[in-house]
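Colleague: Submitted below is the structure of interest, expressed as structure tokens.
Residue numbers (the numbering used here): 209 to 515.
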């Protein structure tokens, strides 16, 4: 999947600008993003937002990069070549989230056919699998500048409930809280509605943090089909993979380090190629499930997806 020649540089690869933290275990963060995007036939342009002290299980410290440096990294890349999609992991701080939002607005203002509709995928990682914080300050509120700019948000059920509680009206928050631990369509729907009202175009609520033998990932959209804005709607679900707008997967045993990063980055890589949202979601989930099924160990604890 390559574009035509660009001068003497050869065929141009589709590029995903990635904002994420550095994980020294190589299991999550920018390392996971690079591998997952490469597996979709795209090229990652990694912009480091934070340095972390962590292993394959726990996060001990997060050291955000200065927002000015985040912007300089990204602008240097954008000035040289085209950006086909953006993937955001942990911003590291509220200041970095504001800087990334500013950069996205700059990219979408550039002349060009796809600039205004540049796909932006946000994986709202609020904490590690063990609950360790991954941002300085309030990680939920830090995402506020980004939500109106997001094409796709990929929270797990717990993250969706936390975000909905922070950003919803009193009535919506109460309704979301009532369903917060249900792990069912109602809980996903209530949270997604709040998040779509913040400006996100699409929300994929993943079920990996739930229980039971089946993981159900549910897609909600504020768009009428793939066109302009329309009323809130939840897409129909079925048990077939890729046949509808919800997907069911056999729950794999054990824990995995970087599964959410893998899924969101794979989706961004596919959107960079121009895949419609539903196809990108279906393909990326299949890729992620295979990566988890083949996961390997580097130490006791969570395994690393085979990307």
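We treat Cβ as the ideally placed atom computed from N, Cα and C, and that holds for glycine.
(1) Applying the criterion that 16 or more other CB atoms from any shown protein chain within 10 Å of the CB defines a buried residue, is residue 438 buried or exposed?
(2) How close, in whole Å, do the beta carbons of residue 260 and residue 240 come, if the pair is a contact with beta carbons under 8 Å?
(3) To the nearest whole angstrom, what separates the beta carbons of residue 407 and residue 355, a pair I think is in contact under 8 Å?
(4) Excluding the five sequence neighbours on either side, which residues of its own chain have a C-beta within less than 8 Å of the C-beta of residue 510, listed in chain order?
(5) Does the beta-carbon distance from residue 250 to residue 480 come in below 8 Å?
(6) Kindly give me the distance between the Cβ atoms of residue 225 and residue 291, rounded to whole angstroms, as I take these residues to be in contact under 8 Å.
(7) Would you call the stretch 467 to 477 and the stretch 266 to 274 touching, i.e. three or more CB-CB distances under 8 Å?
(8) Between the alpha carbons of residue 311 and residue 482, how many angstroms are there, rounded?
(9) Which ranges would you report for the alpha helix (DSSP H) in the stretch 277 to 340 if only whole runs of at least 4 residues count?
(10) Report buried or exposed for residue 288, applying the criterion of at least 16 other Cβ atoms within 10 angstroms of its Cβ.
(11) Determine whether the beta carbon atoms of residue 352 and residue 334 lie at a separation below 8 Å.
(12) Report the option in 456, 460, 396 whose CA atom is closest to the CA atom of residue 429.
(13) Out of curiosity, what's the CA-to-CA distance linking residue 490 and residue 455?
(14) Does DSSP put residue 223 in a helix, in a strand, or in coil?
(15) Compare the beta carbon distance of residue 521 and residue 474 with 8 Å and say whether it is the shorter of the two.
(16) If we ignore side chains and look at the alpha-carbon of each, how far apart do residue 512 and residue 243 end up?
(17) Pick helix, strand or coil for residue 456, following the three-state DSSP scheme.
(18) Would you report the Cα separation of residue 597 and residue 247, rounded to the nearest angstrom?
(19) Just list the residues that DSSP pairs residue 425 with in beta bridges.
(20) What are the partner residues of residue 511, as DSSP defines its beta bridges?
(21) Suppose you measure from the CA of residue 326 to the CA of residue 237; what does that come to, to the nearest Å?
(22) How should residue 318 be labelled, buried or exposed, when 16 other C-beta atoms within 10 angstroms of its C-beta is the threshold for buried?
(23) Quick one: Cα of residue 514 to Cα of residue 507, how far?
(24) Are residue 297 and residue 373 close, meaning C-beta to C-beta below 8 Å?
(25) When the Cα of residue 286 is compared with those of 302, 299, 254, which residue comes out closest?
(26) Identify the residues that DSSP records as bridge partners of residue 504: which are they?
(27) Given this structure, state the Cα-to-Cα distance separating residue 488 from residue 275, to the nearest angstrom.
(28) Let me check understanding here. Comparing Cα to Cα, which of 302, 256, 402 lies closest to residue 376?
(29) According to DSSP, is residue 252 part of a helix, a strand, or is it coil?
(30) Mind checking which residues open and close the alpha helix (DSSP H) that includes residue 402?
(31) Whose C-beta lies closer than 7 Å to the C-beta of residue 300 among residues of the same chain, with five residues either side of it excluded?
Modeller: So, from the listed chains and residues:
(1) Counted from its first residue, the chain shown places residue 438 at position 230. With a pLDDT of only 39 at residue 438, under 50, the local geometry of the prediction cannot be trusted, and the value read off the model is given with reservation. The residue is exposed, with fewer than 16 neighbouring Cβ atoms inside 10 Å.
(2) Working through the chain shown from its first residue, we reach residue 260 at position 52. Working through the chain shown from its first residue, we reach residue 240 at position 32. That belief does not hold up - the Cβ atoms of residue 260 and residue 240 are roughly 13 Å apart, past 8 Å.
(3) As a first step, residue 407 must be located in the chain shown, where it is residue number 199. As a first step, residue 355 must be located in the chain shown, where it is residue number 147. The Cβ separation is near 6 Å, so the contact holds.
(4) Looking up residue 510 in the chain shown gives position 302. Cβ within range, chain order: 235, 264, 265, 337, 462, 463, 464, 465.
(5) Here residue 250 refers to the residue found at position 42 of the chain shown. Here residue 480 refers to the residue found at position 272 of the chain shown. For residue 250 and residue 480, yes; Cβs fall inside 8 Å.
(6) Here the question's residue 225 lines up with position 17 in the chain shown. Here the question's residue 291 lines up with position 83 in the chain shown. With a Cβ gap of about 5 Å, residue 225 and residue 291 count as contacting.
(7) no
(8) In the chain shown, counting from the first residue as 1, residue 311 sits at position 103. In the chain shown, counting from the first residue as 1, residue 482 sits at position 274. Those two C-alpha atoms are separated by around 21 Å.
(9) 302 to 316
(10) Translated into positions along the chain shown, residue 288 becomes position 80. Under this definition residue 288 is an exposed residue.
(11) To locate residue 352, count along the chain shown from 1; it is residue 144. To locate residue 334, count along the chain shown from 1; it is residue 126. No, they are not a contact pair.
(12) As a first step, residue 429 must be located in the chain shown, where it is residue number 221. For residue 429, the nearest C-alpha among the options comes from 396.
(13) For this step, residue 490 is matched to residue 282 along the chain shown. For this step, residue 455 is matched to residue 247 along the chain shown. Going by the C-alpha atoms only, they are around 8 Å apart.
(14) Locating residue 223 in the chain shown gives position 15, counting from the first residue. The answer is strand: DSSP assigns residue 223 an E or B state.
(15) The structure shown does not extend to residue 521, since the chain spans only 209 to 515, so no value can be given for it.
(16) Taking the chain shown and counting its residues from 1, one reaches residue 512 at position 304. Taking the chain shown and counting its residues from 1, one reaches residue 243 at position 35. Rounded to whole angstroms, residue 512 to residue 243 spans 12 Å at the Cα level.
(17) Position 248 of the chain shown, counting from 1, holds the residue named residue 456. Three-state result, residue 456: strand.
(18) The question about residue 597 has no answer, for the chain in this structure spans 209 to 515.
(19) By 1-based counting over the chain shown, the position of residue 425 is 217. For residue 425, which the question treats as bridged, DSSP gives the partners 455.
(20) Counting from 1 along the chain shown, the entry for residue 511 is found at position 303. Note: residue 511 sits in a beta bridge opposite 464.
(21) Position 118 of the chain shown, counted from the first residue, corresponds to residue 326. Position 29 of the chain shown, counted from the first residue, corresponds to residue 237. Rounded to the nearest angstrom, the two C-alpha atoms are 22 Å apart.
(22) Within the chain shown, the letter at position 110 stands for residue 318. By the 10 Å Cβ count, residue 318 comes out exposed.
(23) For the purposes of this step, residue 514 is taken as the residue at position 306 of the chain shown. For the purposes of this step, residue 507 is taken as the residue at position 299 of the chain shown. Each residue's Cα considered, the two are about 15 Å apart.
(24) Position 89 of the chain shown holds residue 297. Position 165 of the chain shown holds residue 373. No, these two residues do not count as a Cβ contact at 8 Å.
(25) To locate residue 286, count along the chain shown from 1; it is residue 78. Comparing Cα-Cα distances from residue 286 to each of 302, 299, 254, the minimum goes to 254.
(26) What you label residue 504 is simply residue 296 of the chain shown in a count that begins at 1. DSSP lists 512 as partners of residue 504.
(27) The count along the chain shown starts at 1 and reaches residue 488 at position 280. The count along the chain shown starts at 1 and reaches residue 275 at position 67. C-alpha separation (whole angstroms): 31 Å.
(28) To locate residue 376, count along the chain shown from 1; it is residue 168. With respect to the C-alpha of residue 376, the residue from 302, 256, 402 having the closest C-alpha is 402.
(29) Locating residue 252 in the chain shown gives position 44, counting from the first residue. Reduced to three states, the DSSP call for residue 252 is strand.
(30) Locating residue 402 in the chain shown gives position 194, counting from the first residue. First-last of the alpha helix (DSSP H) with residue 402: 393 to 405.
(31) Within the chain shown, the letter at position 92 stands for residue 300. Result list for residue 300: 229, 257, 258, 270, 272, 273, 343, 344, in chain order.
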